[in-house]
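For reference, the structure discussed in these notes is given below.
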Amino acid sequence: MRTPFTMDSAGFLALLDALERRFNDVTAASSLSFAGIDGDLHPVVQPVRADRGESADTADGADRTDNAGAADSAQPEPAAGTTPCPGARCDSELRSPASTPLSCDFHGRTGAFHDEVFDPQLVELASSAFGSTCWASLMCVASLGLDAALVECARQFLTHTSIIVRQKGLAVWLYDLINDATMAMLLGQTSPRMPVTIRPMSQVQISRWLHGSGVKRFGSQQQRAADRAEYGNQAHRLAAYCMLRWGAPAASSAQIATMLLTNPGIGMCMLREDPNVRAQGACTDTRYRRVADYLRSLHAQADLDYARALKIGDVPWLSPDGHATVTIAADRRYLYDANRLVHAYRALWDRATADPAQLLMAVEETRTLPGEPLWENPVYLRDLADSLMGSVLAEDLTVGFQQRDRERFDRGVRTLEHMGDQVRAMNVLMLPIMAIDECEPDWNAVAARGYKARTTQWRAFCDRCDDLATVVLAQLQGQGEGLHVRAAASLLKQSLPEYCELALPLFEQEIERLAAREQGGADASAGVRGHEREGGAVHVDMAA
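Note that UniProt numbering has the sequence shown beginning at 1, numbered continuously upward.
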């Protein structure tokens, strides 16, 4: 079945125009500042973070950074400037990724991440347009005006994006970007369109990338391969973010974004449903629809299975006093699915099972549907694991089972059980907040390490936010119209404050409901006591 959708290209262009104007203003001012005409535009300030310790703004800290960089990097990387290493926190004392994920210490020493480096308005516009991706980083790093070639690269990207979206639509631009990243992977060649901010690096490395020649200017062979893979990840992340932010209707946007995050090949095919994408000569093969339809049928079977379990009471019980009414149904479903998933995998451990990817390929090519029951179907079990944990975090569980690697599988089980404990203690709505709080690294400490360590931490954190966005899309579908779409977009943007702003009204409604219930109980008790004092009969109105 076709998945129809539309994208608000005009809304995206309005934001892009504002970003371009701000970028031009900031780069013009930056060039004057670095020329010494009006002083430093963005003075570097190294704040002391009470919760994370002092920033590395000492000579000793700089030496440690140089040593760490030499130990971690595949090639010499002088500690000059740094490209971004995003981070996110929800509480008010810590800064959100909309304002702090990017750092470029252009004074030759690596220290804490600070808001003062970049123009706050530019950071907000860039992250709103491109989410937490290397393209948002490109805008911010280039805005410092340290290298005219980098400024021109960013400006050309904005111009090219604007032209394509105006002429052909947002979906065409996203499809073209994903296609470029896919071809780079298939050909094993670094695309000239891949941003220099694909990973943290020094100002010297940035200059080598922009002004050097030959493939070695892009780093070692290992770095180039990893960068190409990350380029593909970020292209799909950007497409998922844009689909959630500017796509409609909400159901189609959520489905396509989920596929882009968990099954990128199918997600890319779904973008072909846009007429403008097809008009550009994109492949017209629609067999992928068989896979999408089959997954929908599995979800329907799972819903029926859960309804039967509810009828006989075979689901986890949660106290209404300890769980918000708005999430208790989603909480019980999460815990039920998590328990059944682990039980199903363990029951199949000693039996031969097919590769889920091969089963889906057979569905796509020959319409051959797996004959296994729902809880013995590797396709459904893999899809369910992705919805409970996200595709990257679920790999220990799913790949561990597929390879019968007991140690890795048990590690995945422990992770899922930990997430279940968090849902049981709080609720699904709070799960992303708690999970990100646990996994977010100390960015000040990361900044004092080598570039290889920074890259690893940055990419791992981005993957975790992608996973939590996937969980939100799957688990919060019933929490108001489009709430799961907006919430997932805020996680892909790595903005926990925005996520909290979406979640808070639900809890405020719950607090008001509980207060009203308590007040009603107090009034009823007072009425009973009055009747008893007067010796009258007590009547309880059950309808009330």
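For each residue, glycine too, the CB sits at the ideal point set by N, CA and C. Just so we're clear, the structure is a prediction, and the values are computed from it rather than from any experiment.
About 12 Å separates the beta carbon of ILE433 from that of CYS465, a gap too long to meet the 8 Å contact definition.
Contact annotation: the segment 170-185 touches the segment 257-272, with at least three C-beta pairs closer than 8 Å. Scanning its chain for C-beta atoms nearer than 6 Å, with the 5 sequence neighbours on each side dropped, one finds around ASP463 the residues VAL392, in chain order. Judged by DSSP in its simplified three-state form, GLY169 adopts coil rather than helix or strand. Cα atoms of ALA309 and VAL471: separation of roughly 22 Å, rounded to the nearest angstrom. By the beta-carbon neighbour count (other beta carbons within 10 angstroms, threshold 16), THR398 is buried. In the DSSP secondary-structure assignment, THR6 is bridged to ALA248.
For ALA344, same chain residues with a beta-carbon under 8 Å away, outside a window of 5 residues either side, are TRP375, GLU376 and LEU381 in chain order. With contacts defined by Cβ atoms closer than 8 Å, LEU476 and VAL446 do not form a contacting pair. Counting along the chain, the unbroken alpha helix (DSSP H) around HIS211 starts and ends at 203-211. Of the candidates LEU186, MET426 and TRP349, the residue whose Cα lies closest to the Cα of ASP405 is TRP349. Taking all protein chains shown into account, ALA279 has fewer than 16 neighbouring C-beta atoms within 10 Å of its C-beta and is therefore exposed.
In this structure the segment 129-148 lies against the segment 201-215, because at least three pairs of beta carbons, one per stretch, are closer than 8 Å. For PHE118, the three-state secondary structure derived from DSSP is coil.
DSSP, read as helix, strand or coil, puts GLU440 in coil. With a threshold of 16 other beta carbon atoms within 10 Å, THR366 falls short and is exposed. For the alpha helix (DSSP H) assignment, the uninterrupted runs of no fewer than 4 residues enclosed by the segment 244-311 are, from N- to C-terminal side, 250-262, 264-271 and 275-279.
Shortest Cα-Cα distance from GLN167 to any of ALA354, ALA10, ILE266 and ALA240 involves ALA10. Nearest neighbour of PRO249 by Cα position, chosen from ASP321, GLU508, PRO4 and SER495, turns out to be PRO4. The three-state reading of DSSP puts LYS452 in helix, counting H, G and I together. Under the 10 Å beta carbon count, CYS283 is surrounded by fewer than 16 other beta carbons and is classified as exposed. For SER490, the uninterrupted alpha helix (DSSP H) run begins and ends at 483-492, by DSSP. The C-beta of MET183 has fewer than 16 other C-beta atoms within 10 Å across all chains shown, which makes the residue exposed. Here LEU506 is actually not in contact with LEU244; their C-beta atoms are around 19 Å apart, not less than 8 Å. Rounded to whole angstroms, the Cβ separation of LEU335 and GLY420 is 6 Å, and the two are in contact under 8 Å. Of all alpha-carbon atoms in ARG228, GLN479, TYR241 and PRO497, the one lying nearest the alpha-carbon of ALA324 is that of GLN479. The segment 121-132 and the segment 234-243 touch, with no fewer than 3 CB-CB distances between them shorter than 8 Å.
Apart from sequence neighbours up to five positions away, the residues of its chain that approach LEU468 with a beta-carbon distance below 7 Å are GLY390, PRO432, ALA435, ILE436 and LEU491, ordered along the chain. Per the coordinates, the alpha-carbon of GLU417 lies some 34 Å from the alpha-carbon of ILE198. Exclusion of the five residues before and after GLY400 leaves ARG408, PHE409 and GLY412 as the residues of its chain whose Cβ lies within less than 6 Å of its Cβ. A straight line joining the alpha-carbon of THR258 with that of GLU395 spans about 16 Å. GLU501 carries a helical assignment under DSSP once its states are collapsed to helix, strand and coil. Within the same chain, LEU341, ALA394, LEU397 and THR398 come within 7 Å of ALA385 by CB-CB distance, once the 5 residues on both sides are set aside. Cβ-Cβ separation between ARG22 and LEU125: approximately 6 Å, consistent with a contact (criterion under 8 Å). Residue environment analysis places ALA503 among the buried positions, since at least 16 neighbouring C-beta atoms fall within 10 angstroms of its C-beta.
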